[in-house]
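> Residue numbers (my numbering): 142 to 436.
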């Protein structure tokens, strides 16, 4: 009898199921691949969105005073005020230094030692509040003219007949002539101008002068420079100051005085201390043995 091969229904059914499972596996594999792709894309999008949110998200600041309740704001203010008072109480209270001008003395001046300046020695506290000392010198025009005349008589001791009134008359005659001729609207003779004339005469007139004409010519040359430098007018004529016979000597003396005294003439107007010194020097020329002549 021949062999008959037969397939059982279970085996056939199993093979059919296996085929279907394989087909479903392929579908699932494709769907998994698609799902994985979607998952990866959605994950990337999620990461990007979370990164943006984290970038925009800032650590929240502590609530400002406006957001705090009023009771808490009042408490914070009271604490700040209390801390401020405590800090001020801890600081040593010292007087505020106020610079007070004082007269420079030898003690206060810095002394150079080994190429360095030593520290300035402080003044006593009793003198720190005092105002600087000021030397006040007062004198009338007539008194200063008398002092100038006494100086000329003392300097030119060889002229025995010279007196201070004659020197004052030389000065007043020139000033009066300029007023009468209309060269100036107001007189030149003032205390400051007399001090200026004394400055020029003190360095120009020598004690070897033995002629009244020579002394008058030199004195009038000093007056001309004083009028030109200190006068109110633009220019002054030469005739009241210069004699025709003494013309060359007048200009030579003028140039010599200018070359020698220009620095002191400028200093007299710029430095009050120097002016005060010359003023005091002129007052010291007064001859106290004679009577006062105040004109």
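All C-beta atoms, glycine included, are put in the ideal place defined by N, C-alpha and C. Quantities reported herein were computed from a predicted structural model and do not represent experimental measurements.
Can you round the beta-carbon distance between residue 288 and residue 388 to whole angstroms, since I take them to be within the 8 angstroms contact cut?
That pair is no contact at about 31 angstroms.
> Does DSSP put residue 215 in a helix, in a strand, or in coil?
Of the three classes helix, strand and coil, the one that applies to residue 215 here is helix, per DSSP.
> Which whole-angstrom value is the C-beta distance of residue 370 and residue 406, which I expect to be below 8 angstroms?
About 6 angstroms separates the two Cβ atoms, so the contact holds.
> Buried or exposed, going by whether 16 or more other CB atoms sit within 10 Å of the CB of residue 309?
Burial call: buried.
> Using three-state DSSP, classify residue 253 as helix, strand or coil.
Model confidence at residue 253 stands at a pLDDT of 46, short of 50, so the residue's coordinates are unreliable; what they give is reported in the following sentence. Three-state DSSP puts residue 253 in a strand.
> Going by DSSP, what residue range makes up the alpha helix (DSSP H) through residue 306?
Where residue 306 is concerned, the enclosing alpha helix (DSSP H) stretches over 305-321.
> Taking DSSP as the reference, what is the three-state secondary structure of residue 326?
Residue 326: coil per DSSP, three-state reduction.
> Leaving out five residues on either side along the sequence, give the residues of the same chain with a beta carbon under 7 angstroms from the beta carbon of residue 290.
Excluding positions up to five away in sequence, the list reads 305, 306, 308, 309.
> Can you tell me where the alpha helix (DSSP H) with residue 280 in it begins and where it stops?
Residue 280 -> no alpha helix (DSSP H), and no H or E assigned at all.
> Helix, strand or coil for residue 372, going by three-state DSSP, please let me know.
Three-state result, residue 372: coil.
> Since residue 344 is in the alpha helix (DSSP H), which residue starts that stretch and which ends it?
Per DSSP, residue 344 belongs to the alpha helix (DSSP H) from 332-345.
> Thinking residue 292 and residue 426 are a contact (beta carbons under 8 angstroms), I'd like their distance in whole angstroms, please.
About 4 angstroms separates the two Cβ atoms, so the contact holds.
> If you draw a straight line from the alpha carbon of residue 346 to that of residue 411, how long is it in whole angstroms?
So the two alpha carbons sit approximately 24 angstroms from each other.
> So, for residue 422: in the same chain, excluding its five sequence neighbours on each side, which residues have a beta-carbon less than 6 angstroms away from its beta-carbon?
If we look at residue 422 and ignore the five residues flanking it on each side, it has no Cβ neighbours.
> Answer with buried or exposed for residue 339, where buried requires no fewer than 16 other C-beta atoms within 10 angstroms of its C-beta.
Counting Cβ neighbours within 10 Å, residue 339 comes out buried, since at least 16 surround it.
> Would the beta-carbon of residue 415 fall within 7 angstroms of that of residue 336?
Contact flag unset, no.
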